[in-house]
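Protein chains: 2
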Amino acid sequence: MDSSPARSHTSLDSFVDLYAARTAGMTASEIRALFAVASRPEVVSLAGGMPNISGLPLDVVGSAISDLVEHQGTVAMQYGSGQGLPELREQITDVMRLEGIEAHPDDVVVTVGSQQAVDLVTRVFCDPGDVVICEAPSYVGALGVFRAYQAEVVHAEMDAHGLVPEALRHAIATVKAAGKKIKFLYTIPNFHNPAGVTMSAQRRTEVLEICRDEGVLILEDNPYGLLGFEREPLRALRADEADGVIYLGSFSKTFAPGFRVGWALAPHPVREKLVLAQESATLCPPQFSQMAVSAYLAKHDWVGQIKQFREMYRERRDAMISALGDMMPAGCSWNVPEGGFYVWLSLPPGIDAKAMLPRAVTSRVAYVPGTAFYADGFGSGAMRLSFCYPTPERIREGVRRLAGVLEAEIELRATFGTTIPERGLPAGYDAPGTDVT
Amino acid sequence: MDSSPARSHTSLDSFVDLYAARTAGMTASEIRALFAVASRPEVVSLAGGMPNISGLPLDVVGSAISDLVEHQGTVAMQYGSGQGLPELREQITDVMRLEGIEAHPDDVVVTVGSQQAVDLVTRVFCDPGDVVICEAPSYVGALGVFRAYQAEVVHAEMDAHGLVPEALRHAIATVKAAGKKIKFLYTIPNFHNPAGVTMSAQRRTEVLEICRDEGVLILEDNPYGLLGFEREPLRALRADEADGVIYLGSFSKTFAPGFRVGWALAPHPVREKLVLAQESATLCPPQFSQMAVSAYLAKHDWVGQIKQFREMYRERRDAMISALGDMMPAGCSWNVPEGGFYVWLSLPPGIDAKAMLPRAVTSRVAYVPGTAFYADGFGSGAMRLSFCYPTPERIREGVRRLAGVLEAEIELRATFGTTIPERGLPAGYDAPGTDVT
Numbered sequence: 001m002d003s004s005p006a007r008s009h010t011s012l013d014s015f016v017d018l019y020a021a022r023t024a025g026m027t028a029s030e031i032r033a034l035f036a037v038a039s040r041p042e043v044v045s046l047a048g049g050m051p052n053i054s055g056l057p058l059d060v061v062g063s064a065i066s067d068l069v070e071h072q073g074t075v076a077m078q079y080g081s082g083q084g085l086p087e088l089r090e091q092i093t094d095v096m097r098l099e100g101i102e103a104h105p106d107d108v109v110v111t112v113g114s115q116q117a118v119d120l121v122t123r124v125f126c127d128p129g130d131v132v133i134c135e136a137p138s139y140v141g142a143l144g145v146f147r148a149y150q151a152e153v154v155h156a157e158m159d160a161h162g163l164v165p166e167a168l169r170h171a172i173a174t175v176k177a178a179g180k181k182i183k184f185l186y187t188i189p190n191f192h193n194p195a196g197v198t199m200s201a202q203r204r205t206e207v208l209e210i211c212r213d214e215g216v217l218i219l220e221d222n223p224y225g226l227l228g229f230e231r232e233p234l235r236a237l238r239a240d241e242a243d244g245v246i247y248l249g250s251f252s253k254t255f256a257p258g259f260r261v262g263w264a265l266a267p268h269p270v271r272e273k274l275v276l277a278q279e280s281a282t283l284c285p286p287q288f289s290q291m292a293v294s295a296y297l298a299k300h301d302w303v304g305q306i307k308q309f310r311e312m313y314r315e316r317r318d319a320m321i322s323a324l325g326d327m328m329p330a331g332c333s334w335n336v337p338e339g340g341f342y343v344w345l346s347l348p349p350g351i352d353a354k355a356m357l358p359r360a361v362t363s364r365v366a367y368v369p370g371t372a373f374y375a376d377g378f379g380s381g382a383m384r385l386s387f388c389y390p391t392p393e394r395i396r397e398g399v400r401r402l403a404g405v406l407e408a409e410i411e412l413r414a415t416f417g418t419t420i421p422e423r424g425l426p427a428g429y430d431a432p433g434t435d436v437t
Numbered sequence: 001m002d003s004s005p006a007r008s009h010t011s012l013d014s015f016v017d018l019y020a021a022r023t024a025g026m027t028a029s030e031i032r033a034l035f036a037v038a039s040r041p042e043v044v045s046l047a048g049g050m051p052n053i054s055g056l057p058l059d060v061v062g063s064a065i066s067d068l069v070e071h072q073g074t075v076a077m078q079y080g081s082g083q084g085l086p087e088l089r090e091q092i093t094d095v096m097r098l099e100g101i102e103a104h105p106d107d108v109v110v111t112v113g114s115q116q117a118v119d120l121v122t123r124v125f126c127d128p129g130d131v132v133i134c135e136a137p138s139y140v141g142a143l144g145v146f147r148a149y150q151a152e153v154v155h156a157e158m159d160a161h162g163l164v165p166e167a168l169r170h171a172i173a174t175v176k177a178a179g180k181k182i183k184f185l186y187t188i189p190n191f192h193n194p195a196g197v198t199m200s201a202q203r204r205t206e207v208l209e210i211c212r213d214e215g216v217l218i219l220e221d222n223p224y225g226l227l228g229f230e231r232e233p234l235r236a237l238r239a240d241e242a243d244g245v246i247y248l249g250s251f252s253k254t255f256a257p258g259f260r261v262g263w264a265l266a267p268h269p270v271r272e273k274l275v276l277a278q279e280s281a282t283l284c285p286p287q288f289s290q291m292a293v294s295a296y297l298a299k300h301d302w303v304g305q306i307k308q309f310r311e312m313y314r315e316r317r318d319a320m321i322s323a324l325g326d327m328m329p330a331g332c333s334w335n336v337p338e339g340g341f342y343v344w345l346s347l348p349p350g351i352d353a354k355a356m357l358p359r360a361v362t363s364r365v366a367y368v369p370g371t372a373f374y375a376d377g378f379g380s381g382a383m384r385l386s387f388c389y390p391t392p393e394r395i396r397e398g399v400r401r402l403a404g405v406l407e408a409e410i411e412l413r414a415t416f417g418t419t420i421p422e423r424g425l426p427a428g429y430d431a432p433g434t435d436v437t
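Chains A and B, in that order, give the protein sequences.
The first sequence begins at 1 in UniProt numbering and counts up by one.
The second sequence begins at 1 in UniProt numbering and counts up by one.
Rendered as structure tokens:
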């Protein structure tokens with residue numbers, strides 16, 4: 001392992017020789033400056049993954065929280081347990097039951113959003129140089145965590161049915177042959193971020209079998225599972241395999257992200273380690289947030305609320321798919337997600353989504369270039385489009401602007417050829433922060 | 001560095017070969033089971049560091065939060081920035097000004113309690129084997145973080161005026177002579193946890209000079225600074241040295257811990273790294289918590305509230321000091337803290353605070369043995385007593401019970417001698433979790 005001092009991009013940093021080796025991997029994305037521009041109201045952002053929570057019943061939430069302060073204020077504002085509030089962990093088992101999971105509240109650890117769950121699991125398992133297998137592409141925020149712990153990401157391809165079993169087998173074999181340790185498979189089975197695809201039931205069985213045979217632990221990240229548009233949720237991987245799966249859930253997309261309440265469900269010995277890691281990281285997750293979420297779940301028809309969210313997001317998905325069909329130039333392709341927030345758009349050969357981004361932002365539309373979702377520099381020929389936050393009208397307008405930028409790009413390329421390398425990006429990826437979660 | 005698989009204490013853990021090396025350092029303290037007993041109502045707990053927030057104006061907090069949900073609900077419940085809410089960061093600079101710190105909100109990072117600030121700073125700076133210099137004794141939660149990052153703790157003695165300059169110089173020289181890297185000095189200058197002492201103004205100047213001369217960064221942890229009983233706060237170390245100090249603050253003791261809002265004030269390049277680390281750890285600190293704290297600060301006489309807290313804690317400190325003076329057997333000694341939550345009690349030679357704890361709990365009184373606050377097994381002849389949470393009457397009763405236990409222990413020792421090693425504990429320490437923060 002390289003233990004030389006971290007290098008910084010700026011010579012003004014007098015602490016450069018003092019940082020940990022891992023800190024060399026913490027760099028601000030070059031596309032973040034663009035996202036500051038993209039947050040201007042005249043720009044249609046198809047970049048962000050912010051849920052649209054305008055439909056939440058603020059009166060219900062407000063009165064639940066008022067009651068909380070009045071009747072349990074000194075408990076809600078006090079330290080809590082490192083594992084999280086027992087009542088909330090009980091309610092979390094109810095939420096997971098919707099996807100076929102039978103679990104005990106004692107095996108649940110509450111986390112500061114499911115992002116922190118990814119962080120704590122990685123902390124418990126990964127030494128520098130260990131391998132995490134991820135889908136290609138994968139969630140930018142998880143890639144950032146793996147990088148922060150100096151773990152190596154090995155990607156395995158997906159297709160329209162999710163992670164490809166042969167690709168998973170191949171990745172496992174390659175890593176094992178290289179003498180490296182696989183710590184877990186990180187997968188987002190439902191309405192994938194960023195790819196939009198869902199792992200089919202058949203694939204789930206196959207992936208579970210492979211991981212059982214090969215002794216590979218699964219980290220199942222499922223923030224979007226209840227936001228399907230077409231049918232009832234598929235059974236979680238965890239529903240059919242308790243010992244080999246750590247399951248992560250979140251209230252950020254089914255209720256609201258501002259409380260930062262997520263969770264991990266883990267086999268008992270792992271759960272114990274996660275609690276110790278949580279205590280070291282924060283002493284305890286915010287008690288007030290947990291009691292607010294718990295009160296909301298107790299006092300509101302949260303399942304009905306999720307149904308409303310699903311209908312709203314389906315309408316936006318439909319708006320985006322319809323607009324893409326009407327306006328995208330030849331050579332583009334995309335999938336039709338059955339839930340969640342995202343469409344993955346593949347561009348005609350030679351078009352580089354990252355190089356094109358400044359021109360798109362100038363044309364008042366923003367997206368996330370595909371490279372953000374790969375640890376290995378791939379993805380330049382694709383982008384992630386989010387339909388969660390803008391209205392259907394704005395989505396259509398955004399796609400119109402994007403189509404215009406793409407047409408100009410294609411024309412330019414037809415006239416002059418390209419000087420943009422198709423795969424020439426350096427290894428590494430852009431972690432654009434909360435703007436693109 | 002040892003890269004062998006982590007060893008667990010239980011053979012039932014099938015993941016034992018899969019954990020990261022750091023996870024071997026994450027073990028539940030053997031005294032935690034006792035603390036479960038200690039939380040029974042019949043036990044007087046002088047162990048916990050929970051603030052007494054019963055004096056908070058719940059009506060003010062309740063109406064501030066109701067307003068928040070009603071008028072800014074969709075902002076408060078949405079994702080926020082990784083660095084934290086700008087308005088709150090501005091207010092935090094007002095808080096720090098009370099201790100002589102002039103700072104820009106842009107150099108503040110909001111964290112999930114100041115515990116997370118310790119975690120993020122350590123993440124940014126410490127590779128395995130790096131050295132952190134800590135006072136002897138030091139905060140158990142910080143020792144746990146340093147251990148989780150596999151940093152080595154080297155202790156430097158304190159006396160009644162705080163960290164001893166010669167001890168600091170000696171520690172620095174010893175570490176440098178051993179060819180190891182010192183990443184920072186971790187210090188709690190005010191109303192030390194657990195030692196109760198405050199670094200004098202003269203000592204602050206000396207410590208700053210030594211660290212400047214030796215190129216040692218200072219991590220100044222100051223959760224209790226505004227809770228002084230005798231006089232106005234001393235100037236923070238950060239007030240006289242902006243470039244070489246990372247300052248940590250918290251609302252847990254001056255308002256309420258349940259929101260988990262703390263902060264780090266850091267030199268600009270370090271602040272940038274901390275924001276990236278925060279985004280990787282949680283995406284962003286809880287927006288709702290931050291807006292609740294911000295509303296409280298804006299709408300309430302928070303300085304007056306702190307004054308009330310000070311008076312309440314002073315009364316409890318007085319009750320404890322008076323009870324100790326009235327009842328402790330000969331051979332015990334303690335300090336009179338000028339603020340904060342804690343008294344450090346040194347026991348007669350040969351009495352082991354950790355070995356005695358089960359007998360104390362049986363006699364319905366609890367404390368934290370001194371060994372919890374040392375990384376090297378020292379501290380068995382001392383204990384931390386907290387006066388923050390129980391009423392003055394309960395404090396007196398707790399000290400009475402403790403005195404009884406100690407007298408029996410001293411008598412036993414006089415009769416039979418001791419079989420308890422005075423310094424024979426294995427290296428390592430007890431991290432008893434949130435019970436004893």
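Where a beta carbon is used, it is the ideal one built from N, C-alpha and C, also for glycine.
Since we're looking at a predicted model, the values are computed, not measured.
Under the three-state reduction of DSSP, which class applies to residue i: helix, strand or coil?
i                      : result
A:VAL132               : strand
A:PHE255               : coil
B:TYR374               : coil
B:GLY262               : strand
A:ARG169               : helix
B:GLU220               : strand
B:LYS183               : strand
B:VAL270               : helix
A:SER250               : strand
A:THR198               : coil
residue 438 of chain B : With chain B covering 1 to 437 only, the question about residue 438 of chain B has no answer from this structure.
B:THR362               : helix
Whose C-beta lies closer than 6 Å to the C-beta of residue i among residues of the same chain, with five residues either side of it excluded?
i        : result
B:LEU265 : ALA103, ASP107, VAL108 and TYR247
A:TRP334 : LEU324, VAL343 and LEU345
A:ARG40  : none
A:HIS155 : CYS134 and ALA136
Output the distance between the C-alpha atoms of residue i and residue j, rounded to the nearest integer angstrom.
i        : j        : result
A:ALA292 : A:ALA76  : 9 Å
B:HIS71  : B:ALA242 : 38 Å
B:ALA195 : A:ARG97  : 48 Å
A:ARG359 : B:SER14  : 53 Å
A:GLU157 : A:HIS170 : 10 Å
B:VAL405 : B:GLY25  : 33 Å
A:LEU357 : A:MET383 : 10 Å
A:ALA319 : A:GLY304 : 23 Å
A:ARG238 : B:GLU230 : 57 Å
A:VAL121 : B:VAL275 : 21 Å
A:GLY340 : A:GLU315 : 12 Å
B:THR362 : B:LEU208 : 46 Å
For residue i, which residues in the same chain have their Cβ closer than 8 Å to its Cβ, ignoring the five residues on either side in sequence?
i        : result
A:LEU85  : VAL110, GLN287, GLN290, MET291 and SER294
B:TRP302 : THR254, PHE255 and TYR296
Report all residues from its chain with a CB closer than 7 Å to the CB of residue i; omit the five preceding and five following residues, and keep chain order.
i        : result
B:GLU42  : ARG364
A:GLY417 : none
Could you please give me the residues that DSSP links to residue i through a beta bridge?
i        : result
A:ASP159 : A:GLY162
B:TYR342 : B:SER386
B:PRO369 : B:MET383
B:GLU152 : B:VAL131
(request) Would you check if the segment 131 to 139 of chain A and the segment 176 to 185 of chain A touch, i.e. whether three or more CB-CB distances between them fall below 8 Å? (result) yes
(request) Give a yes or no on contact between the segment 379 to 395 of chain A and the segment 146 to 166 of chain A, applying the rule of three or more CB pairs nearer than 8 Å. (result) Judged by Cβ distances under 8 Å, the segment 379 to 395 of chain A makes no contact with the segment 146 to 166 of chain A, as fewer than three pairs qualify.
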